[in-house]
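Visitor:
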Amino acid sequence: MTTATTMEPRLMTGNEAVTLGAIAAGARFYAGYPITPSTEVAEIAAAMFPDIGGVFIQMEDEIASLGAVIGASLTGLKSFTATSGPGFSLMQEHIGFAAMAEVPCVIINVMRGGPSTGLPTHMSQGDVMQAKYGSHGDYPTVVLAPASVLECYTLTIKAFNLSEKFRMPAIILSDELVGHMCEKVQLPPEGELEVVNRLRPTVPADWYRHYESTPTGISPMAGFGEGYRFHVTGLAHDSSGFPTEVPSETHALMEKFKNKEIRNIRDLTMVESYMMEDAEICIFSYGSVSRSARRAVRILRDRNIKAGALRPQILWPFPKQAVETMLDQVSYVLIPEMNVGQLRKEVERLSHDGRGRIKGLNVLNSEFITAADIVERVEHDVL
Amino acid sequence: MSKPTENRANNATIILSGTGGQGLQLMGRLLAEAAAIHGGLNVVQSRSYGPEARGGASRSQVVLSRGEIDDLRNPSCNVLICLSQQACDRYYTTLRDSGLFIVDSTNVKVVPTTRVVELPMTQMAADACGTRMAANVVGLGVLCGCSNIVSLKALEAATRSTVKAKFVDGNLKALAAGYASAKAFLESLPPARRSTIPDLSFV
Numbered sequence: 468m469t470t471a472t473t474m475e476p477r478l479m480t481g482n483e484a485v486t487l488g489a490i491a492a493g494a495r496f497y498a499g500y501p502i503t504p505s506t507e508v509a510e511i512a513a514a515m516f517p518d519i520g521g522v523f524i525q526m527e528d529e530i531a532s533l534g535a536v537i538g539a540s541l542t543g544l545k546s547f548t549a550t551s552g553p554g555f556s557l558m559q560e561h562i563g564f565a566a567m568a569e570v571p572c573v574i575i576n577v578m579r580g581g582p583s584t585g586l587p588t589h590m591s592q593g594d595v596m597q598a599k600y601g602s603h604g605d606y607p608t609v610v611l612a613p614a615s616v617l618e619c620y621t622l623t624i625k626a627f628n629l630s631e632k633f634r635m636p637a638i639i640l641s642d643e644l645v646g647h648m649c650e651k652v653q654l655p656p657e658g659e660l661e662v663v664n665r666l667r668p669t670v671p672a673d674w675y676r677h678y679e680s681t682p683t684g685i686s687p688m689a690g691f692g693e694g695y696r697f698h699v700t701g702l703a704h705d706s707s708g709f710p711t712e713v714p715s716e717t718h719a720l721m722e723k724f725k726n727k728e729i730r731n732i733r734d735l736t737m738v739e740s741y742m743m744e745d746a747e748i749c750i751f752s753y754g755s756v757s758r759s760a761r762r763a764v765r766i767l768r769d770r771n772i773k774a775g776a777l778r779p780q781i782l783w784p785f786p787k788q789a790v791e792t793m794l795d796q797v798s799y800v801l802i803p804e805m806n807v808g809q810l811r812k813e814v815e816r817l818s819h820d821g822r823g824r825i826k827g828l829n830v831l832n833s834e835f836i837t838a839a840d841i842v843e844r845v846e847h848d849v850l
Numbered sequence: 164m165s166k167p168t169e170n171r172a173n174n175a176t177i178i179l180s181g182t183g184g185q186g187l188q189l190m191g192r193l194l195a196e197a198a199a200i201h202g203g204l205n206v207v208q209s210r211s212y213g214p215e216a217r218g219g220a221s222r223s224q225v226v227l228s229r230g231e232i233d234d235l236r237n238p239s240c241n242v243l244i245c246l247s248q249q250a251c252d253r254y255y256t257t258l259r260d261s262g263l264f265i266v267d268s269t270n271v272k273v274v275p276t277t278r279v280v281e282l283p284m285t286q287m288a289a290d291a292c293g294t295r296m297a298a299n300v301v302g303l304g305v306l307c308g309c310s311n312i313v314s315l316k317a318l319e320a321a322t323r324s325t326v327k328a329k330f331v332d333g334n335l336k337a338l339a340a341g342y343a344s345a346k347a348f349l350e351s352l353p354p355a356r357r358s359t360i361p362d363l364s365f366v
């Protein structure tokens, strides 16, 4: 087993890269319950953590797993877990808790076919809506979708950075194909990628308020056992962390959550544009499918169809501005997804001239959407 | 020797198929490692398998290219290796017309074409290193012996760097046995049939 600092090109899987990314971001706590197709993350964390001062616990289920991750993060450790569909469903309660209690944590969801136990060893993109809306109430979160093994590494570091910076849960939405595929990658040298740590309190312990209101909307965060006293609850709370039902205080709390996304949207937007400069049609996709979209764009260009591709690397918050700009530019949008069209609905919401020019290519049988599938559909619709 | 179906290309898709437990994923990983790290190519290796620990269909796909790879999965392949009858029946149609077809004749009794490299790889594994489990690595030796996609040296290096230390010697023997028997098999074919086996290589 090599360490995260290896710089020679080497072959690795997406799940391996996710784990190395987490370690490079500073993660030193993992609690999880193994589930296909995410199990390698647990295996590699278990193998590597003892040598780097990390803690690995196999929990009794996914509810407890995220509970342990939140607890460890409250002591100041960067913490993460990995799972797939059924486990992700069980984690929803604690995702809401992490958002409410403003505890940084990273959840890796390697998507497989659902619903329920579904197709354990096959790919899907069925958890896109669940990643944003799976827990109850209105809560902030950031969801990133890697499309390559290298991105499994870089976006995991990004997920930790955003989670730490904004004190909210971050989710990596990988899928069976990205998680299990091997690619040759050259990891960036240590120190080249930015690593962000949570804001720490600078006030004396007696003055510390765990949810202090600040101009940036982000409260400095002390760890348990460091001499600061604070209360953590899933109930609506005031700046001391104790429950409150006073409307002005609960309103302020919800506004704080809302503003985490609104005020920081520049930080929370990552969109990759491919041959869009003069594009007349756009393939909008994410994760593994976006690789087929790139290939399809090249094929279509060879056939004199001015195609381009747009890919959100951060799915949530949804990149409204980039999509609106794209909709103003092109006359036709194809959105290939391995689900019933979960993100297509978001694009349709932003289109003011009806849904006619926004098409979905939706595959639900766990087969991959290839470049040929996309090209065939575009030519059918456009020519 | 005539080469009517020479197929030099910038990329190749190789499908390794069989039954869960035959080591197809390790086979894919070794081939990817050999091509990517020791052969300097770009590679995407992906898997398709069922929930069973053993049994059920298992497949590993390796895409090799000199350029960037965005075809993570290909519906058709340039090389198909089948270690089970079920895999042969299921995946034969994914092989392109000019493709290279290799089967383990210990397990595959019914082959839909004569344009095939048939060798008893499971039996050869048992003979060469005392375990039928090494049929996967014999298969890589066969691939190497009848194409120029990856060198034997690269496969040997990949075996040394990937396989557990105590299994390295056995696997190297399996690799050598597959390689030698593929060369002998091609030599033994009458010219008319030899010409139907494509020469696959990278430019």
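First to last, the sequence lines map onto chains E and S. When we follow the numbering used here, the leftmost residue of the first sequence carries the number 468, and every step to the right adds one. When we follow the numbering used here, the leftmost residue of the second sequence carries the number 164, and every step to the right adds one. Positions of the beta carbon are idealized from the N, C-alpha and C atoms, including for glycine.
For residue 525/E, does the count of other Cβ atoms within 10 angstroms reach 16, so buried, or fall short, so exposed?
Guide: exposed
Visitor: State yes or no: is the beta carbon of residue 755/E nearer than 7 Å to at least one beta carbon in chain S?
Guide: yes
Visitor: Are any of the Cβ atoms in chain E nearer than 7 Å to that of residue 209/S?
Guide: It does; some Cβ of chain E falls within 7 Å.
Visitor: In terms of alpha-carbon separation, which member of 202/S, 278/S, 174/S and 263/S lies closest to residue 354/S?
Guide: 278/S
Visitor: Just mark residue 184/S as buried or exposed, buried being the case when its beta carbon has 16 or more other beta carbons within 10 Å.
Guide: Its Cβ having fewer than 16 others within 10 Å, residue 184/S is exposed.
Visitor: Return the bridge partner residues of residue 499/E from the DSSP annotation.
Guide: 525/E
Visitor: Hey, which unbroken runs of the beta strand (DSSP E) at 3 residues or more fall wholly within the region 540-625 of chain E?
Guide: With a minimum length of 3 residues, the continuous beta strand (DSSP E) runs that stay inside the region 540-625 of chain E are 546-550, 572-580, 586-590 and 609-611.
Visitor: Answer yes or no: does any C-beta atom of chain S fall closer than 7 Å to that of residue 555/E?
Guide: no
Visitor: How would you list, in chain order, the residues of chain E whose beta-carbon sits under 9 Å from the beta-carbon of residue 376/S?
Guide: Since the first and last residues shown for chain S are 164 and 366, residue 376/S lies out of range.
Visitor: Taking 7 Å as the threshold (beta carbon to beta carbon), is residue 561/E in contact with chain S?
Guide: no
Visitor: Does residue 758/E have its Cβ less than 7 Å from a Cβ in chain S?
Guide: yes
Visitor: How is residue 765/E classed by DSSP in three states: helix, strand or coil?
Guide: Correct three-state label for residue 765/E: helix.
Visitor: For residue 220/S, return the contacting residues in chain E, with the cut-off set at a CB-CB distance below 9 Å.
Guide: In chain order: nothing, as chain E lies at least about 11 Å away.
Visitor: Is the Cβ-Cβ distance between residue 174/S and residue 247/S less than 7 Å?
Guide: no
Visitor: Put residue 190/S into one of helix, strand or coil per three-state DSSP.
Guide: helix
Visitor: Quick check: the region 533-543 of chain E against the region 490-499 of chain E, are at least 3 beta-carbon pairs closer than 8 Å?
Guide: yes
Visitor: What residue range does the alpha helix (DSSP H) around residue 322/S cover?
Guide: 315-325
Visitor: Any heavy atom of the ligand GDP within a distance shorter than 6 Å of the CB on residue 800/E?
Guide: Of ligands this structure carries none, so the ligand GDP is not represented either.
Visitor: Please list, in chain order, the chain E residues whose beta carbon lies closer than 8 Å to that of residue 206/S.
Guide: 478, 649, 650 and 651
Visitor: At a Cβ threshold of 7 Å, is residue 470/E touching chain S?
Guide: Its pLDDT being 48, under 50, residue 470/E is placed unreliably by the model, and nothing is read from it.
Visitor: Residues in its own chain within less than 7 Å of residue 739/E by CB, not counting five upstream and five downstream?
Guide: Closer than 7 Å at the Cβ level, and outside the excluded window around residue 739/E, lie 778 and 780.
Visitor: For the region 821-849 of chain E, list every residue whose C-beta sits within 8 Å of some C-beta in chain S, in sequence order.
Guide: 835, 837, 838 and 839
Visitor: Whose C-alpha, out of 605/E, 588/E and 563/E, is nearest the C-alpha of residue 551/E?
Guide: 588/E
Visitor: Establish whether the CB of residue 588/E and some CB of chain S are separated by less than 7 Å.
Guide: yes
Visitor: Quick one: what's residue 176/S bridged to in DSSP?
Guide: DSSP lists 226/S as the beta-bridge partner residues of residue 176/S.
Visitor: Could you tell me which chain S residues have their CB closer than 8 Å to the CB of residue 579/E, listed as they occur along the chain?
Guide: Per Cβ cutoff of 8 Å: no residues; residue 579/E is ~10 Å from chain S at best.
Visitor: Between residue 714/E and residue 530/E, what straight-line distance do the alpha-carbon atoms span, to the nearest angstrom?
Guide: 31 Å
Visitor: Who are the near neighbours of residue 325/S in its chain, counting only those whose CB is closer than 8 Å to its CB and skipping five residues on each side?
Guide: 189, 192, 193 and 196
Visitor: Any beta carbon of chain E sitting closer than 7 Å to that of residue 356/S?
Guide: no
Visitor: With a threshold of 7 Å between beta carbons, is residue 164/S in contact with chain E?
Guide: With a pLDDT of only 35 at residue 164/S, under 50, the local geometry of the prediction cannot be trusted, and no value is derived from it.
Visitor: Going by C-alpha distance, which of 288/S, 296/S and 323/S is nearest residue 217/S?
Guide: 296/S
Visitor: Using Cβ-Cβ distances below 7 Å, what residues of the region 182-196 of chain S are close to chain E?
Guide: Cβ contacts with chain E: 192, 195 and 196.
Visitor: Among 571/E, 554/E and 562/E, which residue has its Cα nearest to the Cα of residue 578/E?
Guide: When the alpha-carbon of residue 578/E is set against those of 571/E, 554/E and 562/E, the nearest one is in 554/E.
Visitor: By the criterion of Cβ-Cβ separation under 8 Å, what are the contact partners of residue 644/E in chain S?
Guide: 209, 235 and 236
Visitor: Does residue 495/E come within less than 7 Å of chain S when only Cβ atoms are used?
Guide: no
Visitor: Give me whichever residues DSSP pairs with residue 245/S in a beta bridge.
Guide: 180/S and 266/S
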